[in-house]
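Residue numbers (numbering that gives the first Met the number 0), protein chains in the order written: chain A, 0 to 166; chain B, 0 to 166.
There are 2 protein chains.
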Amino acid sequence: MPFYDSAVPAYLQMLGSLSASLKKAETYAAAKKMEPAALLGTRLFPDMLPLSRQIQLACDFATKGSARLSGSEIPAVPDTETTFDELQQRIARTIDYLKTFKPAQFDGAEAREITFPTGPGKTTTMSGQQFLTSFSLPSFYFHVTTAHGILRMAGVEVGKRDFLGAN
Amino acid sequence: MPFYDSAVPAYLQMLGSLSASLKKAETYAAAKKMEPAALLGTRLFPDMLPLSRQIQLACDFATKGSARLSGSEIPAVPDTETTFDELQQRIARTIDYLKTFKPAQFDGAEAREITFPTGPGKTTTMSGQQFLTSFSLPSFYFHVTTAHGILRMAGVEVGKRDFLGAN
């Protein structure tokens with residue numbers, strides 16, 4: 000199996016399901032006459048990041064993970080989204096970007112050394128396989144799952160099947 | 000890279016970090032004079048599963064994922080844990096089980112067909128790679144992240160570094 004199969008399909012599946020859950024959240028907010036900004040600003044705990052940032056970060060980890068593993072330049076994406084529409088566009092642009100990759104661009108990436116920032120003025124170097132398994136995927140799932148948890152906590156009717164994109 | 004590297008190290012890393020976060024939670028509960036059972040029964044939302052079940056399910060997905068990919072018999076593990084100690088033992092036993100696998104047991108599993116239950120009376124068949132990427136890992140990370148979110152919501156001082164096991 001190409002190494003690509005461990006990375007890009009994982010990002011694509013969850014970004015697709017995140018977009019569908021966000022659509023349900025928008026409908027729910029409208030029905031409940033919730034301010035969209037209030038729902039997008041909801042956090043699991045005051046010192047955690049709000050829903051909008053969880054979505055931006057999920058997009059970010061998918062984008063940077065794929066760019067780093069394929070040895071591509073990392074696109075500069077400003078975090079400016081403040082509405083459901085803008086966040087949907089951010090997800091859609093991320094999906095479009097991920098779809099530009101061909102499996103061959105990831106060939107050999109599992110063994111190649113990847114250097115990436117892990118803190119202010121700090122970088123870490125590891126194999127592509129380790130980068131994907133120990134850092135990129137868990138970070139990506141962290142933000143997708145936390146976004147899901149925020150939606151659940153806000154009362155949006157999404158479940159595990161929505162999370163997995165199995166609907 | 001052996002296919003093993005996409006699966007077992009991922010489970011081991013997060014179960015290790017989950018155990019460390021749970022240790023912090025136990026210390027926190029004692030310091031705050033919280034009933035351990037109250038913290039272990041905390042949910043993000045009333046119709047979601049409590050912390051104790053999130054931990055059991057994380058162990059379950061790691062166990063079953065590894066068993067299915069290696070073509071091993073799936074161990075029967077009853078969900079009986081009700082205390083911090085018992086949950087720590089559940090995690091420790093899961094880690095011990097995962098460590099029994101040799102990378103060679105996963106060779107070729109990426110292309111092999113895996114059939115697994117996806118609902119009452121329903122099974123799904125897909126390649127090992129797809130099973131891991133589209134079902135086992137996202138489900139595993141879902142429960143590990145939700146456990147983390149519950150701890151955060153309860154005020155336990157754990158962060159992204161604890162989640163990743165980078166401490």
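We treat Cβ as the ideally placed atom computed from N, Cα and C, and that holds for glycine.
Every value quoted in this text rests on a predicted model; they were computed, and no experiment measured them.
F105 of chain B and Y3 of chain B do touch by the CB rule: their CB atoms are close to 4 Å apart, below 8 Å. Between the alpha carbons of R89 of chain B and Q53 of chain B lies a gap of roughly 12 Å.
Take Y96 of chain B, set aside five residues on each side of it, and the residues of its chain with a beta-carbon closer than 8 Å to its own are T62, S65, P74, in chain order. The Cβ of F115 of chain A sits no closer than 7 Å to any Cβ of chain B. In this chain, the beta strand (DSSP E) harbouring T117 of chain A covers 112 to 118.
Listed along chain B are L136, P137, F139, Y140, F141, V143, T144, each with a C-beta nearer than 9 Å to that of Y140 of chain A. Sorting B:L21, B:P45, B:T99 by C-alpha distance to the C-alpha of S71 of chain B places B:T99 at the top.
With the criterion set as a beta carbon lying under 8 Å from some beta carbon of chain B, the members of the segment 27 to 56 of chain A are L43, F44, M47, in sequence order. Not one beta carbon of chain B lies nearer than 7 Å to the beta carbon of R111 of chain A.
Pairwise C-beta distances place the segment 36 to 52 of chain A out of contact with the segment 8 to 17 of chain B, as fewer than three of them are shorter than 8 Å. Annotation: M125 of chain B is outside any alpha helix (DSSP H); the continuous beta strand (DSSP E) that includes it extends over 121 to 126. Contact note: M152 of chain A reaches chain B through L43, F44, using a C-beta cutoff of 7 Å and chain order.
7 Å or more divides the Cβ of F60 of chain A from the Cβ of F162 of chain A. Identification of residues in the segment 66 to 89 of chain B having a C-beta nearer than 8 Å to some C-beta of chain A yields an empty set. Close to F162 of chain B, with beta-carbon spacing below 7 Å, are these residues of chain A in chain order: F141. Put simply, the CB of S18 of chain B is far from chain A, with every gap to its CB atoms at 7 Å or more.
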